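Scroll down for the structure; my scribbles are underneath it.
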Amino acid sequence: MGSTTAENNEPEAPGTTTAEGVGRRDLIKRSAALGLITVPTMSFLSACASGGGDDDSSEDAQGETSTSNPFGVKKGSKLDVVIFKGGYGDAYAKAWEAAFQKKWGVTSTHTGTQEITGKLQPRFNAGNPPDIVDDSGAQQIPIDVLYKNDQLLDLAAVLDAPSIDDPAKKVRDTLIPGTLDAGMQEDKVVALNYIYTVWGLWYSGKLFKENGWEEPKTWADFLTICKEAKAKGIGGLAHQGKYPYYINVAIMDLIAKTGGLDAMKAIDNLDPKAFVGSDAAKAGVEAIYEVVEKGYLMPGTNGLTHTESQTRWNQYKAVFITSGSWLENEQLKQTPADFDMKFMPMPLLPDSKMPFEAIRAGSGEPFIIPAKAKNLPAAKEFMRMMLSKEWSTLFAKEANSLTILKDGVDPGVQLRPGTQSTVEASKAAGDNTFRYLYTEWYSEMDTAIQNASNELMAKRIQPAEWLKRAQAAVDKQAKDPDSKKNHRD
Amino acid sequence: MRKGQYRFVAGFLFIPVALYLIFVIWPYLQTFGYSLTDWKGQSQTFNFVGLDNYTALFQDDIFLKAIWHNILFLVFIPVITILLALFFAFMLNAGGRGRAGGVSGVAGSGFYKIVYFFPQVLSLAILAVLFGAVYRSDSGGMLNGFLMKLGLVDESGPVEWLNEPNFVLWALIAVVVWHGVGFYLVLFSAAMQAIPRDIYEAALIDGAGRAHTFFRITLPLLWDSVQTAWVYLGIAAMDMFILVSTMTAGEYGGGPDHHSEVMATVMMRNFLLYGKSGYACAMGVVMLLLTLIVSVVMLRATRRERIEF
Numbered sequence: 001m002g003s004t005t006a007e008n009n010e011p012e013a014p015g016t017t018t019a020e021g022v023g024r025r026d027l028i029k030r031s032a033a034l035g036l037i038t039v040p041t042m043s044f045l046s047a048c049a050s051g052g053g054d055d056d057s058s059e060d061a062q063g064e065t066s067t068s069n070p071f072g073v074k075k076g077s078k079l080d081v082v083i084f085k086g087g088y089g090d091a092y093a094k095a096w097e098a099a100f101q102k103k104w105g106v107t108s109t110h111t112g113t114q115e116i117t118g119k120l121q122p123r124f125n126a127g128n129p130p131d132i133v134d135d136s137g138a139q140q141i142p143i144d145v146l147y148k149n150d151q152l153l154d155l156a157a158v159l160d161a162p163s164i165d166d167p168a169k170k171v172r173d174t175l176i177p178g179t180l181d182a183g184m185q186e187d188k189v190v191a192l193n194y195i196y197t198v199w200g201l202w203y204s205g206k207l208f209k210e211n212g213w214e215e216p217k218t219w220a221d222f223l224t225i226c227k228e229a230k231a232k233g234i235g236g237l238a239h240q241g242k243y244p245y246y247i248n249v250a251i252m253d254l255i256a257k258t259g260g261l262d263a264m265k266a267i268d269n270l271d272p273k274a275f276v277g278s279d280a281a282k283a284g285v286e287a288i289y290e291v292v293e294k295g296y297l298m299p300g301t302n303g304l305t306h307t308e309s310q311t312r313w314n315q316y317k318a319v320f321i322t323s324g325s326w327l328e329n330e331q332l333k334q335t336p337a338d339f340d341m342k343f344m345p346m347p348l349l350p351d352s353k354m355p356f357e358a359i360r361a362g363s364g365e366p367f368i369i370p371a372k373a374k375n376l377p378a379a380k381e382f383m384r385m386m387l388s389k390e391w392s393t394l395f396a397k398e399a400n401s402l403t404i405l406k407d408g409v410d411p412g413v414q415l416r417p418g419t420q421s422t423v424e425a426s427k428a429a430g431d432n433t434f435r436y437l438y439t440e441w442y443s444e445m446d447t448a449i450q451n452a453s454n455e456l457m458a459k460r461i462q463p464a465e466w467l468k469r470a471q472a473a474v475d476k477q478a479k480d481p482d483s484k485k486n487h488r489d
Numbered sequence: 001m002r003k004g005q006y007r008f009v010a011g012f013l014f015i016p017v018a019l020y021l022i023f024v025i026w027p028y029l030q031t032f033g034y035s036l037t038d039w040k041g042q043s044q045t046f047n048f049v050g051l052d053n054y055t056a057l058f059q060d061d062i063f064l065k066a067i068w069h070n071i072l073f074l075v076f077i078p079v080i081t082i083l084l085a086l087f088f089a090f091m092l093n094a095g096g097r098g099r100a101g102g103v104s105g106v107a108g109s110g111f112y113k114i115v116y117f118f119p120q121v122l123s124l125a126i127l128a129v130l131f132g133a134v135y136r137s138d139s140g141g142m143l144n145g146f147l148m149k150l151g152l153v154d155e156s157g158p159v160e161w162l163n164e165p166n167f168v169l170w171a172l173i174a175v176v177v178w179h180g181v182g183f184y185l186v187l188f189s190a191a192m193q194a195i196p197r198d199i200y201e202a203a204l205i206d207g208a209g210r211a212h213t214f215f216r217i218t219l220p221l222l223w224d225s226v227q228t229a230w231v232y233l234g235i236a237a238m239d240m241f242i243l244v245s246t247m248t249a250g251e252y253g254g255g256p257d258h259h260s261e262v263m264a265t266v267m268m269r270n271f272l273l274y275g276k277s278g279y280a281c282a283m284g285v286v287m288l289l290l291t292l293i294v295s296v297v298m299l300r301a302t303r304r305e306r307i308e309f
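Chains as they are written, first to last, in our numbering: chain A, 1 to 489; chain B, 1 to 309.
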């Protein structure tokens, strides 16, 4: 573009000295004409297509490989790290980077931000992405979108490398089973969902003790507690209404526990009977609607943001709230010292296929390595070290959460009550864990179901209509040819 | 022109024109180019799909709904803001009747003028937080708290202002009007002060009341400013992205269930969340065209003879 502008300019310049008596109007006309010529000659379509260069990615960063340095990290090279600075902060990453520099002599540029999309989309487009990214938060770049654009490195090389703690094992075999699934696109692991998260209901141990309540194992018991709470002027269930993601956790968990893994997979696999015609889906959504109908929601919760409603819950205005295990860290400052935060699995509906202990569990907080990263060897090594006991413990200390590394935390580390209860719940669950994938695969369908849930909670639609709308979202997604590539068995 | 002067002037002209071309015209053209592709937003690979995006666009219920909302904003925001601003400006400049002989504003008009301007000083982000607290959907919200104290709203059933499909647009309009009135008040005040005082005095002597003075003298002589205000407010109404995306439910706002969706929020969601960037670019082009049409129509429709004084 620069060159063509210059060419059009050239003849004009010498003319200026001799052209005496050119009026202001002519000058303006000529400038305008100049502008008109310049634009079309920029051959815009082709320029669109070639905005980014095809720079050689790792020409300078490749060092010698050895058993202790399987990827060939080069001393003195630079690593560009971008971390989502949300509920978990970014102190853990700084601690990692310091450790990385100490071991390898690789200095890191650290960016901690909430605006992942705003900061990174232009860089991906220009072919100049960072080396490792924690692509999370409200403004994450969807993994499916990045994958479709061939921007993600297949992480197989890292996962098949020897583990740092036990070189006889592959990294892949030191992780909690199933935790890599959430980062799969088609059949490749392209995102490392690093944090082990469990989803379900949360309550205050203190409030329970004061009222003599027991953890409700069935939906009927759950409703009884809500009823008693309402009589005392406390809301039963709170949810983060402005973001219907959260109430979908409750609805979808009920569906999965009632109908078993098949009901869950039907949704992920875009079955024509995923919602309409599924007894489990009907039972699940009707159970949630019962809470709405009987007035057991915390008043006003449908319009509150996550911080507003969670803080209300911390002030004992509601008994239960739905969330994942980041809740405790997110609410650190708002939680009273004697609150005694507890996690529990979703209570059971009659004839459920899964036991009460079953929980939605899995890995979250996707870390990715861009395919066009400048320093691939160091990025791979960084990720390998993230999956060592040392770094996993560092993370638990700084961010109050567990990682996908099996027994990844030094027993010496004291955990907070909420985190401790998630550890116990996942032990009790054993293999009875499940995890929806449609949220990672189909953002548009997810949004449509969230909208329907928002309407349901506000009593503007009934369960039957919710099922219809959810099914319509599934059917619409199934028509997209790209959706054929995702399937789970 | 003397030697060298030409070059001097061209130097001044070249930079603005170049900046305009690079940062305004060129992105527009690029957007148009992308709108003919199936670009997904995160890399430079895509296929040319012709006008497919545009055909899909006009079958997209959500986008059509968003256009409709923009049109509602376009009608109500300028009308309400301009009427209020005109009324206040008139009262502050020519509404007073107390003192003998002169034409002046109501008592304390200098003070009011400053107070009215306060909202304009706030950025849109602060505005969103502020009105988030006003409209908050439980007893902690200002409106709800107030209504509960009065006993009009029950503690257990607060009004979820921004979660009411029939109210959310009005709630947003109220914010924009509250924010804008002060600025247009100052704009109209300045224009009113340029109107020669003796015209008012003559009207007063002839026995004209406030209403007469306003419609026969002030408004016709202010027409240029009103026109400017109309175009600015019209363009703002075509956008509305910041307030809608921060105050209403859902990713990039637009909730509940698309009832507050505007073109810009649909575009952003498609661009960033769904990865349908080419499609979103087509929306951008439609937005540009609509905004252009609106500006031209508004300028034409409000054109009148100019009175010089």
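Each residue gets a CB set at the ideal place from its N, CA and C atoms; glycine is no exception.
Computed from a prediction, not measured in an experiment: that's the story for all the values here.
Report yes if the C-beta of residue i is less than 7 Å from at least one heavy atom of the ligand GTP; otherwise report no.
i: A:Val249; result: Absence of the ligand GTP from the depicted structure is noted, as is the absence of any ligand whatsoever, leaving it without description.
Please report how far the alpha carbon of residue i lies from the alpha carbon of residue j, in whole angstroms.
i: B:Ala211; j: B:Arg7; result: 56 Å
i: A:Asp173; j: B:Trp39; result: 38 Å
i: B:Asp60; j: A:Ile461; result: 22 Å
i: A:Asp135; j: A:Ala93; result: 13 Å
i: A:Gln450; j: B:Arg303; result: 47 Å
i: B:Pro220; j: B:Asn53; result: 46 Å
i: A:Gly118; j: A:Asn149; result: 17 Å
i: B:Ala100; j: B:Asp206; result: Summary for B:Ala100: the model assigns pLDDT 44, below 50, so the residue's position carries little reliability, and this model does not support an answer.
i: A:Val133; j: A:Ala337; result: 34 Å
i: A:Ala33; j: B:Phe12; result: Unreliable placement is indicated for A:Ala33, whose pLDDT of 43 sits below 50; the coordinate value is still reported in the next sentence. Answer to the nearest angstrom: the Cα atoms are 16 Å apart.
i: A:Gln62; j: A:Asp160; result: 19 Å
i: A:Thr311; j: A:Gln331; result: 7 Å
i: A:Phe411; j: A:Val171; result: Per the sequence shown, residue 411 of chain A should be read as Pro rather than Phe. One C-alpha to the other measures close to 21 Å.
When burial is assigned at 16 or more other CB atoms within 10 Å of the CB, is residue i buried or exposed?
i: B:Leu333; result: The question about residue 333 of chain B has no answer here: the residues shown for chain B are numbered 1 through 309.
i: A:Ser68; result: exposed
i: A:Gln240; result: buried
i: A:Glu97; result: buried
i: B:Val24; result: exposed
i: A:Thr301; result: buried
Skipping 5 residues on each side, what residues in its chain have a beta carbon closer than 6 Å to that of residue i?
i: A:Pro216; result: Phe222, Ile225, Pro347
i: A:Thr111; result: Val82
i: B:Leu84; result: Val181
i: A:Thr305; result: Lys242
For residue i and residue j, which I take to be in contact (beta-carbon distance under 8 Å), what is that distance rounded to the nearest angstrom?
i: A:Ile195; j: A:Gly418; result: That pair is no contact at about 14 Å.
i: B:Ser109; j: B:Leu92; result: 4 Å
i: B:Ala249; j: B:Asn163; result: 6 Å
Could you check whether the Cβ of residue i sits closer than 8 Å to any Cβ belonging to chain A?
i: B:Asn163; result: yes
i: B:Gln42; result: yes
i: B:Leu169; result: no
i: B:Gly278; result: no
i: B:Glu261; result: no
i: B:His310; result: Because residue 310 of chain B is not part of the residues shown, which for chain B are 1 to 309, the question remains open.
Taking CB distances under 8 Å as the criterion, tell me whether residue i reaches chain B.
i: A:Phe250; result: For the record, residue 250 of chain A in the displayed sequence is Ala; it is not Phe. False, the Cβ-Cβ gap to chain B never drops below 8 Å.
i: A:Ser443; result: yes
i: A:Glu455; result: yes
i: A:Ile132; result: no
i: A:Asn314; result: no
In chain order, what residues of the same chain have a beta carbon less than 8 Å from the beta carbon of residue i, not counting five sequence neighbours either side?
i: A:Ser426; result: Tyr196, Val198, Ile359, Ala361, Thr433
i: B:Leu74; result: Gly234, Ala237, Met238, Val294
i: A:Gln114; result: Phe84, Lys85, Gly86, Gly137, Ala138, Gln139
i: B:Ala301; result: none
Leaving out five residues before and five after residue i in sequence, what residues of the same chain have Cβ atoms less than 7 Å from its Cβ?
i: B:Asp138; result: Asn144, Pro158
i: B:Val175; result: Leu127, Phe131, Leu243
i: B:Tyr184; result: Thr81, Ile82, Ala85, Ala229
i: B:Glu261; result: Ile62, Lys65, Ala66, His69, Gly254
i: A:Ile164; result: Arg384, Met385, Ser388
i: A:Glu328; result: Met341, Asn400, Arg416, Gly418, Thr419
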